[in-house]
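Q: Provided herewith is a single structure, encoded as structure tokens, for subsequent inquiry.
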Ligand code: PLP
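See below:
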């Protein structure tokens, strides 16, 4: 395929016509963005021929890597057979059914929450909107309509729709558009580096941080709380990895008050943490699991909610018609690509790879960054990594305000052929799960180069 483009022309059209998401439009004025034209394996190329190691898997989604002909073939074949049909009016399609059954077979059994059902959407944001609708419907059907409040966490990311952004805990997003919508409230995130007390161990902090949920439930009134939503590891907030004690304590609290637990696994599912689902990594039992992104390795837009039996039973047996759904719920092409993608992941044992030897090598190499003078702490969980940049390592003095240190570091990465993302003073990665030892070594060389240039 010809990928030669007139860069100046594309950039001027870009700046003239394309309003990019999460972008200061002025930044691209008259200049346009870097044009990415092709990709293969773990690399992408720009229109000027520069090769870039993509350690963000696009946007946390290309878990199986780029250039998978099987996925293109699956899409082509499905488009020629049945490109679209809706699933609203008592019709269905083969790939949507097969993928739902496949997901049910992959999700580990968690007692009365076992996952036998899937509700489809096209994105993580839409899926979280569906969660809000389903959770409130569930409590209505159980005769507890006052249970409307959903508790989330500061700095969480749950999407960009009105409900998704409200569930999220990003103050910048709340400031635009009069958010959050009613009956959504937030607690502090389990960020030990920031919120741990002097002398407090990470494990002690994990229990204390989970305790903020109980405090919030009591403040709201336990009979008014519908659900708690959280990412297993907070991703877009800067890869905040909870201490090992956090999730067991959260489980104890949601069980004590009988509230539903939503695990937003838009990033953490499909091998990212070394398991099919993120809740397996931490051993908790959600009622609803949000998925998107890597279900198709990003090759087609597809999202959804795995609905545990506790909720599904009520919706199915007592619910009547559920007045909610999307034109593209169960899109046959997206689902065919999802199935083919899961087949690749199973065949190549990608979750097991992350759980096993290559994951251990990734963790070991990334941990070496703890010795760099600019790094406060560097941590990984499966194939996500985060580090915090500090001014003074001994005193853990952070960069603050407008110094833009993360963006400076990100710029050095990008210039030298590495995609690493900046979130304030944190640098984060989520590489494709197909990374080899040699790719990891190259990633580390480029990270060190960027850190040295940032100092
Ligand atoms: N939930 C989480 C945890 C996410 O990380 C994201 C996106 O990054 C979303 C939801 C929103 O997904 P989408 O951008 O597909 O709407």
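Numbering (the UniProt record's numbering), first residue to last: 1 to 455. C-beta: ideal position from N, C-alpha, C; glycine also.
1. Which one of 94, 309, 189 has the shortest CA to CA distance from residue 138?
2. Report yes if the C-beta of residue 129 is less than 6 Å from at least one heavy atom of the ligand PLP; otherwise report no.
3. Quick check on the DSSP output: what are the complete beta strand (DSSP E) runs of length 3 or more inside the segment 85-129, in order along the chain?
4. Per the DSSP calculation, residue 379 is bridged to which residue(s)?
5. Identify which residue in 160, 276, 225, 403 has its Cα closest to the Cα of residue 22.
6. Examine the ligand PLP and report whether any of its heavy atoms sits within less than 6 Å of the Cβ of residue 329.
7. Which value, in whole angstroms, describes the spacing of the CA atoms of residue 88 and residue 334?
8. How far does the beta strand (DSSP E) with residue 152 in it reach, from first residue to last?
9. Where residue 369 and residue 436 are concerned, what is the direct C-alpha to C-alpha distance, given to the nearest angstrom?
10. Where does the unbroken beta strand (DSSP E) through residue 260 begin, and where does it stop?
11. Expressed to the nearest angstrom, what Euclidean distance is found between the alpha-carbon atoms of residue 241 and residue 231?
12. I need the residues with a C-beta less than 7 Å from some heavy atom of the ligand PLP; please give them in chain order.
13. Determine, using beta carbons only, whether residue 434 comes closer than 7 Å to chain D.
14. Within a Cβ cutoff of 7 Å, which residues of the same chain sit near residue 442, ignoring the five residues on either side of it in sequence?
15. For residue 248, collect the residues of the same chain with a Cβ closer than 6 Å to its Cβ; drop the 5 residues on either side in sequence, then sort them by chain order.
16. Are the Cβ atoms of residue 340 and residue 71 separated by less than 7 Å?
17. Secondary structure at residue 285, three-state DSSP: helix, strand or coil?
18. Taking a contact to mean a Cβ-Cβ separation below 7 Å, would you say residue 210 touches residue 259 in this structure?
19. Report yes if the C-beta distance between residue 374 and residue 427 is below 7 Å; otherwise report no.
20. Rounded to the nearest angstrom, how far is the Cβ of residue 122 from that of residue 331, given a contact under 8 Å?
21. Pull the bridge partners of residue 45 from the DSSP assignment, please.
22. Alpha carbon to alpha carbon, how far is residue 84 from residue 133? Give it in angstroms, no decimals.
23. How many angstroms separate the CA atom of residue 127 from the CA atom of residue 44?
24. Less than 8 Å between C-beta atoms, sequence neighbours within five positions excluded: which residues of the same chain meet that for residue 149?
25. Could you give the DSSP three-state label for residue 322: helix, strand or coil?
26. If you draw a straight line from the alpha carbon of residue 252 to that of residue 276, how long is it in whole angstroms?
27. If I measure Cβ to Cβ from residue 318 and keep anything under 6 Å in the same chain, skipping five residues before and after, which residues do I get?
28. Could you pull the start and end residues of the beta strand (DSSP E) that residue 25 belongs to?
29. Which residues share a DSSP beta bridge with residue 66?
30. Can you say whether residue 76 is buried or exposed, counting buried as having 16 or more other CB atoms within 10 angstroms of its CB?
31. Please state whether DSSP places residue 399 in a helix, a strand or coil.
32. Counting pairs of beta carbons, one from the segment 358-369 and one from the segment 378-385, are three or more of them closer than 8 Å?
33. Taking the alpha helix (DSSP H) that residue 7 belongs to, which residues open and close that run?
34. Give the C-beta separation of residue 351 and residue 55 to the nearest angstrom, bearing in mind that I take them to be a contact with Cβ-Cβ under 8 Å.
35. Taking the runs of the beta strand (DSSP E) that are 3 residues or longer, which of them lie wholly in the segment 214-263?
36. Among the candidates 393, 385, 104, 153, whose CA atom is the shortest distance from the CA of residue 372?
A: Working from what's here:
1. 309
2. no
3. 115-121
4. 386
5. 160
6. Of the heavy atoms belonging to the ligand PLP, none sits nearer than 6 Å to the Cβ of residue 329.
7. 17 Å
8. 149-153
9. Going from the Cα of residue 369 to the Cα of residue 436 covers about 19 Å.
10. 260-264
11. Going from the Cα of residue 241 to the Cα of residue 231 covers about 10 Å.
12. 59, 60, 123, 124, 125, 126, 128, 157, 158, 159, 160, 164, 231, 235, 236, 264, 266, 267, 290, 292, 293, 303
13. Among the chains of the structure shown, chain D does not appear; only one protein chain is present.
14. 53
15. Answer for residue 248: no residue qualifies.
16. Taking a C-beta distance under 7 Å as the contact criterion, residue 340 and residue 71 qualify as a contact pair.
17. coil
18. no
19. no
20. About 7 Å; that satisfies the 8 Å criterion.
21. DSSP lists 38, 51 as the beta-bridge partner residues of residue 45.
22. 25 Å
23. 29 Å
24. 183, 184, 185, 220, 224, 225, 226
25. coil
26. The straight-line gap from Cα to Cα measures roughly 23 Å.
27. 141
28. Counting along the chain, residue 25 falls outside any beta strand (DSSP E), and DSSP gives it neither H nor E.
29. 41
30. exposed
31. Coil, per DSSP.
32. Output reads yes: the segment 378-385 touches the segment 358-369.
33. 7-17
34. Going by Cβ atoms, the distance from residue 351 to residue 55 rounds to 19 Å, so no, they are not a contact pair.
35. Counting only runs of 3 or more residues that sit fully inside the segment 214-263, the beta strand (DSSP E) segments are 225-230, in chain order.
36. Of the residues 393, 385, 104, 153, the one whose Cα lies closest to the Cα of residue 372 is 393.
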